[in-house]
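A short worksheet on the structure shown next.
Protein chains: 4
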Amino acid sequence: MAHSDSKIKVGILGASGYTGAEAMRLLLRHPSAEICLLTADRKAGQPVADVYPHLGGHGLPDMVSIEDADWSGVDVVFCGLPHGTTQELIAALPAGVKVVDMSADFRLDDPATYAEWYGHEHRALALQKEAVYGLTELYRERIRSARLVACPGCYPTATLLSLVPLVKGGLIDADDLVIDAKSGITGAGRGLKQNTLFSEAGEGLSPYSIGAHRHAPEIEQEIAKAAGRAAEDIRVNFVPHLIPMSRGEMITSHVRLTGGARAADLKAALQSAFAGEPFVRILNGKDVPQTQMVRGSNNCVINVFEDRIPGRAIVISVIDNLVKGSSGQAVQNMNLMFILPETLGLEQVALFP
Amino acid sequence: MAHSDSKIKVGILGASGYTGAEAMRLLLRHPSAEICLLTADRKAGQPVADVYPHLGGHGLPDMVSIEDADWSGVDVVFCGLPHGTTQELIAALPAGVKVVDMSADFRLDDPATYAEWYGHEHRALALQKEAVYGLTELYRERIRSARLVACPGCYPTATLLSLVPLVKGGLIDADDLVIDAKSGITGAGRGLKQNTLFSEAGEGLSPYSIGAHRHAPEIEQEIAKAAGRAAEDIRVNFVPHLIPMSRGEMITSHVRLTGGARAADLKAALQSAFAGEPFVRILNGKDVPQTQMVRGSNNCVINVFEDRIPGRAIVISVIDNLVKGSSGQAVQNMNLMFILPETLGLEQVALFP
Amino acid sequence: MAHSDSKIKVGILGASGYTGAEAMRLLLRHPSAEICLLTADRKAGQPVADVYPHLGGHGLPDMVSIEDADWSGVDVVFCGLPHGTTQELIAALPAGVKVVDMSADFRLDDPATYAEWYGHEHRALALQKEAVYGLTELYRERIRSARLVACPGCYPTATLLSLVPLVKGGLIDADDLVIDAKSGITGAGRGLKQNTLFSEAGEGLSPYSIGAHRHAPEIEQEIAKAAGRAAEDIRVNFVPHLIPMSRGEMITSHVRLTGGARAADLKAALQSAFAGEPFVRILNGKDVPQTQMVRGSNNCVINVFEDRIPGRAIVISVIDNLVKGSSGQAVQNMNLMFILPETLGLEQVALFP
Amino acid sequence: MAHSDSKIKVGILGASGYTGAEAMRLLLRHPSAEICLLTADRKAGQPVADVYPHLGGHGLPDMVSIEDADWSGVDVVFCGLPHGTTQELIAALPAGVKVVDMSADFRLDDPATYAEWYGHEHRALALQKEAVYGLTELYRERIRSARLVACPGCYPTATLLSLVPLVKGGLIDADDLVIDAKSGITGAGRGLKQNTLFSEAGEGLSPYSIGAHRHAPEIEQEIAKAAGRAAEDIRVNFVPHLIPMSRGEMITSHVRLTGGARAADLKAALQSAFAGEPFVRILNGKDVPQTQMVRGSNNCVINVFEDRIPGRAIVISVIDNLVKGSSGQAVQNMNLMFILPETLGLEQVALFP
């Protein structure tokens, strides 16, 4: 990999996790970025090929511990660290380094909510104030000028893209949102857990964190903003399920229509909200979103369906949790932060079958 | 397989489908039943081992066409035929033959509803009046004396077991039932369809028949009975999803509590309703139902969870769609119809991993 | 579970592993055995439902540590412990307790070979001499009178059943055995390993321990006996592959014919060797063994095929690695050791689809 | 998609199959090619989004029947038609149109061998003489000047890349090649077959066409050339297995060493043969090829291992059957035929997890 002064120099912190690997996959083919630093404390000293064999042979630097990182020349870091560890680390970075954070550390505006859900006080309150929520299609302008972007969780990304325009438009009841979520198993990360072993998760289906998942307050925060209400006023039903597939995520939202709206009005609102967006696609007619449509791509695919219950509708959106739900959206935000075309490095067509 | 006068002689009609195969699996080890007839029009003349290699070597009779069936000595038939074909056929059976129907042909009380959803007039109206809905735990007494039992669909089975006691008890609002359903791919049958090919369905997730699945009116019919209301008054939200696993089904019901009920009250009602039931298990504490718990068994596993939205709860139930959702429940009903212990032939422990 | 004096009292040591769980599944429905003791050091004090949710509600005893085990009344133990730990433990058991060992500890006759492959000296040499190799169909008579039976590994079971009669018959060259093995992921156990995570093992295929798997010397020992030669004279090619499925194992043996034998002669030899065997099935014609045929059952299914290279043939055998490859064969051996019908508790029909 | 005179205009014949879809995926992002024609007789008139939802929104032309194809301006066609149908069709194409054939129609030099394996006389003998076998790394120079390139089958690609240099180098015995092959289920195509349904193929493992697969003569033809012998002199053992994954293919070759060669010599020969090749990677040390390393990429990954049997070795190679095994190699060949950098449009990093 020839280093070039004209390319953005990227460091990936926490490169041994799945979001780190996915960031490597995307950035290796990004025409205006190059990876100059990879940190992974427990894998320090190892070549990438030992940690991710499919990434061998691409000339990537070896993994180093965060203490041994050489920040000189680094323009931007992608953080894929476990929650809680990112805050102090980012606070200590050289001032000129931009940050695209893929962890949960800076997503919640309210430090008290953070403390409640993550079990410890926030450790970088000043940075929290500065952080911009990185749901690109909704916060594009603020992201362009941000130093620290807090990329949304995968569930909030797919949920908010499909619901925020409807709440903003006064088409659905923000107090009656039933969000039934389904995710592939990469969403649980690369850590060793019994329930993500092949023989445990395969050929089976499990809900988890029922009514108590950490992405719920993040969704509520943004739904509240869209509704012009206080975050603590909004409570959503949110039930995630683990699906026996590696990638992909689907949000099935069961919504109550307001003001005489019909399913077709919801669809029109989404079409209008996302007209011209390169990565959001509202399907035609009754075409059904499937995770197969977005595997490996940065796309979000959405459609709206009539419910049998009068006055209700069903909104379905799908993303690849590791791309638009994490590392792809991170690259999209990096592009904005460096005044590059937003689609650069993100033009992969979905991999099917 | 030695024929014995003391055993129930069973014919399986439509034996080449998955419900037929599953009925064979269960009946082959049933101590008081023996299979004497297998029909499958397109496979007529073939040994079972050619149609289902895993069932070879068990001494089963060859498949015959329905026209060539020898009904002499047949005590009961299991029907696993496509909807619409069962009605006239059953009407023409010898009067002494009991019928456990696994198709959709006799589930709906109202012929007009049947015609609306299945696209043709009902062809055996007299039999329809006689048919008993075969959700064993709810209609046990009537099943005992029935000649024709219409086994419920897989989705209604898991849904109604978990919701009927709550509606009956006045604990949840029958007008606000959001039923998010997930099924393994055997639910789509053995017919050749592009969307059930391994390379299409694997590693992916698809909703289907959104708000328009044929199991919705069946659920509404029984919820209405539980609520003491007319079937046409009840409309449920029902969205099924195809999950990349062969067997297993989960119903995630998002319900609105009524009369000050709390999640714990729902659980207590279910515990009370199913106390002593051999095949229904209400989990302890916050233990989470998973389809892995019931694979290959006739069990239904249920639990209730608090929602983040005040006044709502989440009810989750799982079954094996081919066992309790079809052929297992059919055997359970046969046992009742022949005054046998209800658990006979159904004591398999779930297969995990 | 009512204790009955007439039933065999079984303890399962290492009950938290997959072979332990599978032994529980089978023994729970064994008409002449009952489980009275479950040990699992790291899960000591936990109810079975916490360790294996699908086994909840069956009245099994809680897990205890091996130190706290109450051996009074125990007739037989199933050992599913990691290799090396079983030897001293078994040596310390009350003399009257029979042992069905599912670990690798007593499979190799030669202590030096054991030490070479397992990295430590054998710790119970006297017991080793006493142990009978538990490949039921080959050592039935000796197993009947054994106190300690060392059940074969899963790979040796499927390999030896299909090859030993051919070597004994002088039909194939024992010096040119190419054994290409494929196993589902339960074969790697329930321990937490990165390569058995769903997202790592799913949608992929990996060979492992190429030319160096611990089951190779076990296969060589038995092939040597069949050939009437010394174990150290026989070397087999053995390459196992990890297949993205939970259960099931296939051995594709590429063999060189000797003495003018043809594929049909091999098949005839297998048919003759296994005539009347309840759990070994030689397929008709060119029917192809598939792991789907044996899932959840104790069967081994075999067939022989002509090769394109003159003078060679292909022998294919399949088993469920957790049943005939481990706990099912253990039950089969227990039945022999207690003079019970060999098929007791093992009559499950394969679960398909 | 802006049409540009400077881009190669590509037609894809048989675009509704998996190789057609994969060619679309790759060519949509090829900087020097554009798709101007898609034929699919049974899908004629349909937009791509109806046939392959993941390819909707990319501005591709609708599918047309082959009769309605407009050949004006077409520079090259990719043929993904069923075998036998391509021959006359290609013979009738305008003379200036180059052809990259992904079918089996022109792979076999000997028309008699073709007729034997494909069941009918070859229908374009003149073209057969002209066709160049499209295994890029072995026939690069001839491909550059070819008008008709016959891309190898997926199995021959992975097999020959790993074995031809060894046969050429006199390091292994061409008369004792045991080739145990494993493929994901996309290899069976998109046609509706019972054995490729999710519920049949999932959680299971099947060999097929044992000793009689159509790729065997293709492998023998090329091994014979490498050995400097007549094609009819070479017979290989070739046993393919269907693996429950969508993509990926592994060839486990069990080979006999000649002339005192050792495993390390084989590896050195491969390293030498493929030095500088962009798409062939020989792994370091004992690193194990896994299909996960190449999913979605055009790479072939190989390594060599010592066998336990003296004088033997094991060679393992993996590819993505739809990329290097089909459409990717087709694009690679197109690049050569149009004097473009060989890697153009093929630089995707493997998709893992």
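Protein chains in written order, with this note's numbering: chain A, -5 to 347; chain B, -5 to 347; chain C, -5 to 347; chain D, -5 to 347. Yeah, the Cβ is synthetic: ideal placement off N, Cα and C, and Gly gets one too. All figures in this text were calculated on a predicted structure; none of them were measured in a lab.
Item checked: In chain order, each beta strand (DSSP E) run of at least 3 residues that lies wholly inside the stretch 269 to 316 of chain B -> Complete beta strand (DSSP E) runs here, min 3: 274 to 276, 294 to 300, 306 to 313.
Check: Given a limit of 9 Å on CB to CB distance, which residues of the stretch 331 to 346 of chain D reach chain A?
Finding: If the cut-off is 9 Å between Cβ atoms, the stretch 331 to 346 of chain D has E341, Q342, V343, A344, L345, F346 near chain A.
Next item on the list: Name, please, each residue of chain C whose Cβ falls closer than 8 Å to the Cβ of S240(A).
Entry: Residues of chain C passing the Cβ test: F192, S193, G196, E197.
Checklist line | chain A residues whose Cβ lies nearer than 7 Å to that of S372(B) | finding: Past the boundaries of the shown model lies residue 372(B); chain B is included only from -5 to 347, so the question cannot be answered.
Notebook entry, point to check: Roughly how many angstroms lie between the CA atoms of S266(D) and G163(D), to the nearest whole one?
Noted result: Taking the straight line from one Cα to the other gives about 11 Å.
Checklist line | I84(B) in three-state terms, based on DSSP | finding: Note: I84(B) maps to helix in three-state DSSP.
Next item on the list: Have a look at R302(D), I137(D), P234(D), V94(D) and flag the residue whose alpha-carbon is nearest the alpha-carbon of L171(C).
Entry: Of the candidates R302(D), I137(D), P234(D), V94(D), the one whose C-alpha sits nearest the C-alpha of L171(C) is R302(D).
Check: Should S247(A) be labelled buried (16 or more other beta-carbon atoms within 10 Å of its own) or exposed?
Finding: By the C-beta density criterion, S247(A) is buried, having at least 16 other C-beta atoms within 10 angstroms.
Margin query: Quick check: the stretch 171 to 191 of chain B against the stretch 235 to 242 of chain B, are at least 3 beta-carbon pairs closer than 8 Å?
Written below: Three or more Cβ pairs closer than 8 Å define a contact, and the stretch 235 to 242 of chain B meets that threshold against the stretch 171 to 191 of chain B.
Notebook entry, point to check: Would you report the Cα separation of H24(C) and N278(C), rounded to the nearest angstrom?
Noted result: Approximately 31 Å, taken between the alpha carbons.
Notebook entry, point to check: Should I29(C) be labelled buried (16 or more other beta-carbon atoms within 10 Å of its own) or exposed?
Noted result: Under a 10 Å Cβ-count criterion, I29(C) is classified as buried, with 16 or more other Cβ atoms of the shown protein chains found around its own Cβ.
Note to self: Can you look up K187(A) in the DSSP assignment and give me helix, strand or coil?
What the structure shows: If DSSP states are grouped into helix, strand and coil, K187(A) belongs with coil.
Checklist line | Identity of the residue in V295(B), A258(B), R289(B), S26(B) nearest S156(B) by Cα | finding: From the listed residues V295(B), A258(B), R289(B), S26(B), the smallest Cα separation to S156(B) is found for V295(B).
Check: If we ignore side chains and look at the alpha-carbon of each, how far apart do H(-3)(A) and V158(A) end up?
Finding: Summary for H(-3)(A): the model assigns pLDDT 47, below 50, so the residue's position carries little reliability, and this model does not support an answer.
Check: Taking the Cβ atom as the reference point for each residue, do R117(B) and Q81(B) lie within a distance shorter than 7 Å?
Finding: Cβ atoms of R117(B) and Q81(B): closer than 7 Å.
Notebook entry, point to check: Exposed or buried, L75(B), counting other C-beta atoms within 10 Å across all chains shown (16 or more means buried)?
Noted result: With 16 or more other Cβ atoms from the protein chains shown falling within 10 Å of its own Cβ, L75(B) counts as buried.
Checklist line | Stretch pair the stretch 118 to 127 of chain C + the stretch 142 to 149 of chain C: three plus CB contacts closer than 8 Å | finding: Contact between the stretch 118 to 127 of chain C and the stretch 142 to 149 of chain C is present, because at least three Cβ pairs lie under 8 Å.
Next item on the list: Note down, in chain order, each residue of its chain lying with its Cβ closer than 7 Å to the Cβ of S0(B), except the 5 sequence neighbours on either side.
Entry: Within the same chain, S0(B) has no close Cβ partners at all.
Notebook entry, point to check: Do the stretch 44 to 62 of chain C and the stretch 7 to 14 of chain D touch if we need at least three Cβ pairs shorter than 8 Å?
Noted result: These segments do not touch.
Next item on the list: Starting from G5(C), trace the beta strand (DSSP E) both ways and give me its first and last residue.
Entry: Membership of G5(C) in the beta strand (DSSP E) is indicated by the continuous run 2 to 7.
Check: Which one or two residues does DSSP pair with H248(A) in a beta bridge?
Finding: For H248(A), the beta-bridge partners assigned by DSSP are V172(A), I308(A).
Next item on the list: Helix, strand or coil for V158(D), going by three-state DSSP, please let me know.
Entry: In the displayed model, V158(D) falls within a helix according to three-state DSSP.
Next item on the list: Pick helix, strand or coil for D95(A), following the three-state DSSP scheme.
Entry: In this structure, DSSP gives D95(A) an extended state, which the three-state scheme calls strand.
Item checked: Cβ separation of D104(B) and A258(B), assumed to be a contact under 8 Å, to the nearest whole Å -> The C-beta distance from D104(B) to A258(B) rounds to 36 Å, too long to fall under 8 Å, and the pair is not in contact.
Next item on the list: Kindly list the residues whose CB is nearer than 8 Å to the CB of G67(C), restricted to its own chain and excluding five residues on each side of it in sequence; keep chain order.
Entry: Within the same chain, G67(C) has close Cβ partners K3, C30.
Check: Would you say L119(A) faces chain E, with C-beta separation under 7 Å as the test?
Finding: In the structure shown, chain E cannot be found, because the protein chains are A, B, C and D.
Notebook entry, point to check: Who are the neighbours of D301(B) on chain A, taking C-beta pairs under 8 Å?
Noted result: Ordered by position in chain A, the residues that pass the 8 Å Cβ test against D301(B) are G205, N231.
Notebook entry, point to check: Looking only at its own chain, which residues have a Cβ that is under 7 Å from the Cβ of Y202(A), when we skip the five neighbours before and after it?
Noted result: Excluding residues up to 5 positions away in sequence, P234, L236 lie with their Cβ nearer than 7 Å to the Cβ of Y202(A) in the same chain.
Notebook entry, point to check: So, is the C-beta of M57(B) closer than 7 Å to a C-beta in chain C?
Noted result: By this cut-off, M57(B) is not an interface position.
Check: Does I237(A) come within less than 7 Å of chain B when only Cβ atoms are used?
Finding: Yes, I237(A) lies at the interface with chain B (some Cβ there is under 7 Å from its Cβ).
Notebook entry, point to check: Could you give the distance in angstroms between the alpha-carbon of L160(C) and the alpha-carbon of H209(C)?
Noted result: Taking the straight line from one Cα to the other gives about 20 Å.
Note to self: Could you tell me which whole beta strand (DSSP E) segments of length 3 or greater appear in the stretch 47 to 83 of chain A?
What the structure shows: Restricting attention to beta strand (DSSP E) runs no shorter than 3 residues, the stretch 47 to 83 of chain A encloses them at 70 to 73, ordered along the chain.
Notebook entry, point to check: Are the C-beta of V295(C) and some C-beta of chain D separated by less than 7 Å?
Noted result: No, because no Cβ of chain D sits closer than 7 Å to the Cβ of V295(C).
Check: Residues of chain B with a CB under 8 Å from the CB of T80(C): which are they?
Finding: Against chain B, the beta carbon of T80(C) has no neighbour under 8 Å; the closest one sits roughly 22 Å away.
Next item on the list: Quick one: using the 10 Å Cβ neighbour count with 16 as the cut-off for buried, is L205(B) buried or exposed?
Entry: The question names Leu, but residue 205(B) in the sequence shown is Gly. It counts as buried.
Next item on the list: Ignore the nearest five residues each way along the sequence and tell me which others in G339(D)'s own chain have a CB closer than 8 Å to its CB.
Entry: The answer, listed in chain order, is L20, L21, R23, H24, P25, S26, A27, V325, N329.
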